[in-house]
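Numbering (my numbering), first residue to last: 69 to 352.
Just so it is clear, CB atoms sit at the ideal spot from N, CA and C, and this is done for glycine as well.
Owing to the predicted nature of the structure, the values given are computational and were not obtained by experimental measurement.
Written below as C-alpha cells is the structure these notes are about.
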Amino acid sequence: MAELTFAEAINKAAKELHAAGIDDARYEARNLFLLLADFSSTDLISAETKLISNDLAISYAHAIERRCSGEPFQHIVGTTEFFGLSLKTDARALIPRPDSECVVELALEQLNHEHNGKVADLGTGTGALLSAILHNRPNSLGIALERSSRAASLAVENLEALGLGDRSEILNISWTEWSGWGDCDLIISNPPYIESAIIPTLQPEVRDHDPMDALDGGADGLDAYREIISLGAKHMKSDACLVLEIGYDQKVAVTDLLSSAGFIQIQHRKDLGGNDRAIAAKRP
Ligand SMILES: C[S@@+](CC[C@H](N)C(=O)[O-])C[C@H]1O[C@@H](n2cnc3c(N)ncnc32)[C@H](O)[C@@H]1O
Numbered sequence: 069m070a071e072l073t074f075a076e077a078i079n080k081a082a083k084e085l086h087a088a089g090i091d092d093a094r095y096e097a098r099n100l101f102l103l104l105a106d107f108s109s110t111d112l113i114s115a116e117t118k119l120i121s122n123d124l125a126i127s128y129a130h131a132i133e134r135r136c137s138g139e140p141f142q143h144i145v146g147t148t149e150f151f152g153l154s155l156k157t158d159a160r161a162l163i164p165r166p167d168s169e170c171v172v173e174l175a176l177e178q179l180n181h182e183h184n185g186k187v188a189d190l191g192t193g194t195g196a197l198l199s200a201i202l203h204n205r206p207n208s209l210g211i212a213l214e215r216s217s218r219a220a221s222l223a224v225e226n227l228e229a230l231g232l233g234d235r236s237e238i239l240n241i242s243w244t245e246w247s248g249w250g251d252c253d254l255i256i257s258n259p260p261y262i263e264s265a266i267i268p269t270l271q272p273e274v275r276d277h278d279p280m281d282a283l284d285g286g287a288d289g290l291d292a293y294r295e296i297i298s299l300g301a302k303h304m305k306s307d308a309c310l311v312l313e314i315g316y317d318q319k320v321a322v323t324d325l326l327s328s329a330g331f332i333q334i335q336h337r338k339d340l341g342g343n344d345r346a347i348a349a350k351r352p
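Below, the structure is given as C-alpha cells:
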C-alpha cells in the first residue's frame, strides 16, 4: 500500500468497503482517510497525487479492516454529530441516531427559551438528548439516568466536553429506583424498544455493536414504556410533560398506554423518513 497515491489508496479502500456490503463505501473511505491524515477536503484536493506514507497506509488499512468486519463508522471515528453537537461515541453506549432529533425538537417545543427548571433524560446513553436540550435551553438544569455504568461514564464525558457539566447530574441508576420524578418540568426518554425476537435479525452493525441493554424492549418491545408511563403517572408533577421516542409501529400502543394512565394533550411527531417517532403528553 506504501506505493499508492492518496487517491489510489482511497479508491482501493472504497472497493474493499463496497465488497464488504457497506452502502456509503466511497464517503466512508474518504472520511476515514481525512480523519487519519488530519486533512480537510481542500487539503486532499491539492494532495491527491502524493504518495501515502507507510505509517498512514498501515493505520488506514487497519481502520478499513475494522469497518469491513462490521464495526460502526462512528466507533472508528470516535464521534458523531447530533443536533449540531459533536458527541464522543464508542462501544459503551448506543450511537445517537438522526431520527432522535425530532424527539428533541418536540421536547424543546414544550419548554420556553427562558425555562429554568429541571429536565430529566431517562436512559441517556451518550447523553445526546439531554445535551441537545441543555444546549438550547441555557437556563435549564438536567438530570440523566443511566443503568449501564459504562454508558453513564460516556455521558459524563460528553456533557463535560460540551460545557454542560455544571448544569447536569448523571445518575448511574435505573429509572425504577429514581425518586426525582416530581422535580422535573419535562422528562424525555428514548428507551429500549425493539421486540426481543427481532434482535437476532438486526443488521450485525447494530446487533453486535450497540449494547443489548439499549435495544431490548422485551417480548412486545413495550416493557420500558409500561414502566416509565406508570411511574410518570404516579410521580410526575401536574402539567409536567413526558416526551418519548417510539418505534415506527408503536404509535397506537404507546398512545394507549399514555391515555390509560391518564396523560392528556397527546401529540405525535414523524421523523424525516416519515415514520412515527415521537410522542409528547402532559400529566394532568
Ligand atoms: C435506546 S438507548 C438510548 C440512548 C440515548 N438516549 C439516545 O437516544 O441515543 C436506551 C438507553 O437506556 C438505558 N436503560 C435501559 N433500561 C434502563 C433503566 N431501567 N434505567 C435506566 N437506563 C436504562 C440503556 O442502557 C441505554 O443506554
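Query                                                                                                                                              : Result
May I have the straight-line CA-CA distance separating Y293 from M304, to the nearest angstrom?                                                    : 15 Å
Suppose contacts are defined by Cβ-Cβ distances below 8 Å. Is C249 in contact with L213 by that definition?                                        : First, the amino acid is wrong: residue 249 is Trp here, not Cys. No, they are not a contact pair.
Decide if Q333 is buried, meaning its Cβ has at least 16 other Cβ atoms within 10 Å, or exposed.                                                   : exposed
When you compare each of A265, L153, R94, I296 to L283 by their alpha carbons, which one comes out closest?                                        : A265
For ligand 1, is there a heavy atom less than 7 Å away from the beta-carbon of T157?                                                               : no
Quick one: what does DSSP say R160 is sitting in, helix, strand or coil?                                                                           : coil
I'd like to confirm something about W249: is its beta-carbon nearer than 7 Å to some heavy atom of ligand 1, or not?                               : no
Looking at C-beta atoms only, is the number of pairs between the stretch 166-181 and the stretch 116-132 that lie closer than 8 Å three or more?   : no
Scan the stretch 310-346 and note each continuous beta strand (DSSP E) run of 3 residues or more that stays entirely inside, going in chain order. : 332-338
Under DSSP, the beta strand (DSSP E) around I126 begins and ends at which residues?                                                                : Segment 122-136 is the alpha helix (DSSP H) holding I126; no beta strand (DSSP E) there.
Under the assumption that L124 contacts L100 (Cβ atoms under 8 Å), give the Cβ distance between them as a whole number of angstroms.               : In fact, because the Cβ distance is near 11 Å, the residues do not count as touching under 8 Å.
What do you get for L232, buried or exposed, if any count of 16 or more other CB atoms within 10 angstroms of its CB means buried?                 : buried
When the Cα atoms are used, what is the spatial distance from S216 to E76?                                                                         : 43 Å
What's the gap between the Cα of L162 and the Cα of L198?                                                                                          : 14 Å
Whose CA, out of E133, I144, L153, A115, lies closest to the CA of I201?                                                                           : L153
Going straight from the alpha carbon of L85 to that of D158, what length do you get?                                                               : 20 Å
Could you please give the first and the last residue of the uninterrupted alpha helix (DSSP H) stretch that includes A88?                          : It is not in any alpha helix (DSSP H) - A88 carries neither H nor E in the DSSP assignment.
Let me know the beta strand (DSSP E) ranges lying completely inside the stretch 163-196, each 3 residues or longer, listed in chain order.         : 186-190
Between which two residues does the beta strand (DSSP E) holding A212 run?                                                                         : 209-213
Measure the CB-CB distance between A188 and I211 and report whether it falls below 8 Å.                                                            : yes
Could you give the C-beta distance for D307 and K350, rounded to a whole number, given that I count them as a contact under 8 Å?                   : 6 Å
With a threshold of 7 Å, establish whether the CB of S264 neighbours any heavy atom of ligand 1.                                                   : no
Taking the beta strand (DSSP E) that E149 belongs to, which residues open and close that run?                                                      : 147-150
Tell me where the alpha helix (DSSP H) around E295 begins and ends.                                                                                : 291-303
Is the number of C-beta pairs between the stretch 138-150 and the stretch 266-278 that are closer than 8 Å three or more?                          : yes
Which value, in whole angstroms, describes the spacing of the CA atoms of K80 and I238?                                                            : 44 Å
With H, G and I counted as helix, E and B as strand and the rest as coil, what does DSSP make of D111?                                             : helix
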